[in-house]
Amino acid sequence: MFMTWSRNWLPAAQNYLRQSIRFDLVAGLTVAMVVLPQSMAYAAIADVNPIYGIFTAIVTAIVGALAGSSSTLVTGPTNATALVTLSVLAFAVDRADYVEFVFALALLSGAIKLLLGLFRLGGIIRYISNSVLTGFLAAAGILITIDQFGNLFGIPIPKDQGVVAILVATIQKIPEINPYVVITAALSIAVMLVTQRSSKKIPAALFSIIAVTALVQLMGWQHFGVRLVSDIGLPQNATVGFHLPEIPLEIMVDLLPAAGAVALFSLV
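If you're matching positions, the sequence shown starts at 12 in this note's numbering and goes up one per residue.
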């Protein structure tokens, strides 16, 4: 049996090493450099510590590669999933144990997707029209932008407010806008757009982060209200381990509809 397995596997492995390994290494390095800062941004959208975004991007990519059957499926956090997570957990965003709710929602939505897979019900998303998807993605982009007004303008805006409340609070706090924060955000967007137009081979997101971060450090803008990731409270000795959410069982049951929504949105 081993001889049969080796005869089938070794030629395929040798063929892969000759033809594809170089391209996969370049692709893996490029994606890793972009996904790490991107996943930190997704964590910020969900209003959790950026370290969770990093762990989510790394662990899910490894598990997806080993256990998944698709070579094109994205495994890891997305901006839409982060936005939906914040939306359904808005009632707990100001709680000290908010991250426990995020853990519980992740486990429940994962269990629901596992059940959908076991019962072969994933095909239900085929009946969702392109118009619905386009509308959802457009709305998600608008909501994410508005939700980040506080970080974009350097003004304190509570995360548990709706879109209208955020817009009103932003207008009311126009005199408090930090110009250094606005310049940093504007430069990041500009550098990314220019890089994308100039060359498709350069990871625009990564280049933008490196360039603007270097500028902030050289100009000392971190002393003028431009917050760094270290200011958020990144743990010094973070470890990966299995953790059960420390919230009451009745709250877990109440989260089931929200978990179903997150599961469907992430499938879409």
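For every residue, glycine included, the Cβ atom is placed at its ideal position computed from N, Cα and C.
C-alpha distance - Thr96 paired with Ala43, whole-angstrom precision: A straight line joining the alpha-carbon of Thr96 with that of Ala43 spans about 24 Å.
Can you look up Val237 in the DSSP assignment and give me helix, strand or coil? Coil, per DSSP.
Are the Cβ atoms of Ala151 and Asn90 separated by less than 8 Å? Yes, Cβ-Cβ distance for Ala151 and Asn90 is below 8 Å.
Whole angstroms are fine: how far does the CA of Ala101 sit from the CA of Val110? One C-alpha to the other measures close to 12 Å.
Sequence ranges, alpha helix (DSSP H) only - wholly within the segment 120-164, length at least 4: Here the runs fully enclosed are 141-158, 160-164.
Taking buried to mean at least 16 other C-beta atoms within 10 Å of its own C-beta, is Lys211 buried or exposed? Classification for Lys211: exposed.
Quick check: the Cα distance between Ile177 and Val227, rounded to an integer number of angstroms? About 27 Å.
By the 10 Å Cβ neighbour count, where 16 or more other Cβ atoms means buried, how is Pro214 classified, buried or exposed? Pro214 counts as buried, since no fewer than 16 other beta carbons sit within 10 angstroms of its beta carbon.
Starting from Ser277, follow the alpha helix (DSSP H) in both directions and report where the run begins and ends. Where Ser277 is concerned, the enclosing alpha helix (DSSP H) stretches over 267-278.
Considering Cα atoms alone, identify which of Ala55, Ser142, Val99 is closest to Ala117. Relative to Ala117, the option among Ala55, Ser142, Val99 whose CA is nearest is Val99.
Using the Cα positions of Ser120 and Thr67, report the straight-line distance between them to the nearest angstrom. Computed Cα separation, rounded: 15 Å.
Rank Gly75, Thr195, Gly173 by C-alpha distance to the C-alpha of Leu239 and give the top, closest one. Closest by alpha carbon: Thr195.
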